[in-house]
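At position 47 of the sequence shown the residue is numbered 46 (numbering that gives the first Met the number 0), and the sequence of numbers has no breaks. Ideal Cβ placement from N, Cα and C applies to all residues, glycine included. Here is the structure we will look at, set down as structure tokens.
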Amino acid sequence: MRVGILQCDDVAEPLREAHGNYPQQFARLLTGIEPALTFRVWRCLDDDMPTAADVEAIDGWLITGSKYGVNDGDAWIDHLCEFVRDLWEAKRPLIGVCFGHQLIARALGGEVERSPRGWGVGVSFNQIADREPWMQPWQPGLDLLVSHQDQVRTLPPRSRVLAASDFCPFYLIQVGECFLGVQGHPEFTKAYAADLIRLRGEAMPAQRVREGEISLHAQVDSERMAQWMINFWRQAQAID
Numbered sequence: 000m001r002v003g004i005l006q007c008d009d010v011a012e013p014l015r016e017a018h019g020n021y022p023q024q025f026a027r028l029l030t031g032i033e034p035a036l037t038f039r040v041w042r043c044l045d046d047d048m049p050t051a052a053d054v055e056a057i058d059g060w061l062i063t064g065s066k067y068g069v070n071d072g073d074a075w076i077d078h079l080c081e082f083v084r085d086l087w088e089a090k091r092p093l094i095g096v097c098f099g100h101q102l103i104a105r106a107l108g109g110e111v112e113r114s115p116r117g118w119g120v121g122v123s124f125n126q127i128a129d130r131e132p133w134m135q136p137w138q139p140g141l142d143l144l145v146s147h148q149d150q151v152r153t154l155p156p157r158s159r160v161l162a163a164s165d166f167c168p169f170y171l172i173q174v175g176e177c178f179l180g181v182q183g184h185p186e187f188t189k190a191y192a193a194d195l196i197r198l199r200g201e202a203m204p205a206q207r208v209r210e211g212e213i214s215l216h217a218q219v220d221s222e223r224m225a226q227w228m229i230n231f232w233r234q235a236q237a238i239d
């Protein structure tokens, strides 16, 4: 399977040597489940976008997280939204993670806002609301590492919520048959999440930092989500 990574940010320089950049984090996660995967990266944050010829050449597309917001107004974000709509028209499999999740919603008619609940950091605990065939092996919850301020406020048409919590009501969504968005970061390790909390700590209330750090003692479902992502790409390919 050929995975196209639409890179929307770089890991902060002080953390990059220890934890790798975002494409490396995703490659490490996904090849741990399926070693034969191959990857091609487009640096969308530098306005390096795929062409029309690339749409069919990739089996599964992936939009990374980002420190930027989908409402920032940068040209590259608008160009990436246009490409997402191209993938939608072509019925190509796409998964968005955090910023990518929010960008899918915005590109297809939904709305994203700065969450009134504040920062989400550490481990988020979510209940599966709707079971799908690609959720194999099955489990009723989905607990992943998070680091975000924005959330999807209004869903785009043809969306359904697959997992949610009180903190994030639209945590995992499927749009149509070929698009999937998740607010959490399956590619993060706990070590990276801990370093990221420390790096961003001054921007957060002390209580939220403490809660986030304590939550890192919980188990996370990163490998389970990675398997679900691969299953979703395969199912969406079969539909196409």
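Quick test of the definition: if touching needs 3 or more C-beta pairs under 8 Å, does the region 210–222 touch the region 10–24? no
List the endpoints of the continuous alpha helix (DSSP H) containing Arg152. First-last for Arg152: 149–153, but that is the beta strand (DSSP E), not the alpha helix (DSSP H).
Quickly, what does DSSP pair Asp142 with across the bridge? List them, please. Phe124
Let me check understanding here. Comparing Cα to Cα, which of Cys7, Ile62, Ala26 lies closest to Ala35? Selected option, being the one with the closest Cα: Ala26.
Inspect the beta-carbon positions of Arg105 and Val111 and report whether they are closer than 8 Å. yes
Quick check on DSSP: helix, strand or coil for Ala162? strand
Sequence-distant residues of the same chain with beta carbon closer than 6 Å to Ser146, five excluded per side: Val120, Leu195
Length-filtered (3 minimum) beta strand (DSSP E) runs lying within the region 32–96: Taking only runs of at least 3 residues, the beta strand (DSSP E) segments lying wholly in the region 32–96 are 37–42, 59–62, 93–96.
For Pro61, the nearest candidate out of His78, Ala52, Asp149, Leu86 (CA to CA): Per the sequence shown, the amino acid found at residue 61 is Leu instead of Pro. Minimum Cα distance to Leu61 is reached at Leu86.
Determine the contact status of Val181 and Met224, defining contact as a CB-CB distance below 8 Å. yes
In or out: Pro285 buried (at least 16 other Cβ within 10 Å) or exposed? Because the chain in this structure spans residues 0 to 239, residue 285 falls outside the shown range and cannot be described.
To the nearest angstrom, report how far apart Gly99 and Asn70 are at their CA atoms. If you take the alpha carbons of Gly99 and Asn70, they lie about 12 Å apart.
Reduced DSSP secondary structure (H/G/I, E/B, other) of Glu176: coil
By alpha-carbon positions, which one of Ser164, Ala192, Ala74 ends up nearest to Ala11? Selected option, being the one with the closest Cα: Ala192.
Using 8 Å as the threshold, is the C-beta distance between Val174 and Leu107 below it? Yes, these two residues count as a Cβ contact at 8 Å.
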